[in-house]
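Mapped onto this note's numbering, the consecutive letters of the sequence shown carry residue numbers -9 to 121.
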Amino acid sequence: ALFKGVDMNLQATKLWNMLNMAVRGLTNLGSVVPMLQESGARHVGYGCYPEHYEVVGASLLHTLGVGLGSEFTPELKAAWTKVYGVVAKTMCDAQEAERSRQKAAKVKMFVGIGAVVAVIGACAFAALKKQ
């Protein structure tokens, strides 16, 4: 399950804080990108995938539309869509990189285990051959 065992009120607060940080960092994306990447990598552990970001983005725009009413102009909607798009893409790219890193680590571990098993097998074979 997505965000299993996670306080969703805290998660909502974190989302708003992240979006606030992204909006404030629009003039200096270099300061925001590393934080988004770290967050994206952490979201692998929460079971997040790119399609989840699409749902969150649609929910965000709907919430802003309801909350702001007529003040949620097409221009404001376009701006929020763009900001959220940058946030989501950066985090999704970091998730993909983290999943690749984790997969490579598992492969490396299994190769190591395979080598150990091969050595044990060779030693056992040699011992049996001496008998």
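Heads up, the beta-carbon is just placed ideally off N, CA and C, and yes, glycines get one too.
Measuring straight from C-alpha to C-alpha, what distance separates residue i and residue j?
| i | j | result |
| --- | --- | --- |
| alanine 84 | arginine 14 | 21 Å |
| leucine 19 | alanine 12 | 8 Å |
| lysine -6 | glutamate 86 | 20 Å |
| leucine 54 | valine 76 | 18 Å |
| phenylalanine 62 | alanine 95 | 46 Å |
| lysine 93 | histidine 33 | 16 Å |
| lysine 193 | arginine 91 | Outside the shown range of the chain, which is -9 to 121, sits residue 193, and nothing can be said about it. |
| valine 22 | proline 64 | 26 Å |
| alanine 114 | glutamine 121 | 11 Å |
Are the CB atoms of residue i and residue j nearer to each other than 8 Å?
| i | j | result |
| --- | --- | --- |
| proline 24 | cysteine 82 | no |
| serine 29 | methionine -2 | no |
| glycine 35 | tyrosine 74 | no |
| threonine 80 | glutamine 1 | no |
| alanine 78 | tyrosine 43 | yes |
Please report the Cβ distance between residue i and residue j, rounded to the nearest whole angstrom; I am assuming they are in contact, meaning their Cβ atoms lie under 8 Å.
| i | j | result |
| --- | --- | --- |
| leucine 51 | lysine 67 | 6 Å |
Can you say whether residue i is buried or exposed, counting buried as having 16 or more other CB atoms within 10 angstroms of its CB?
| i | result |
| --- | --- |
| tryptophan 6 | exposed |
| valine 56 | exposed |
| valine 45 | exposed |
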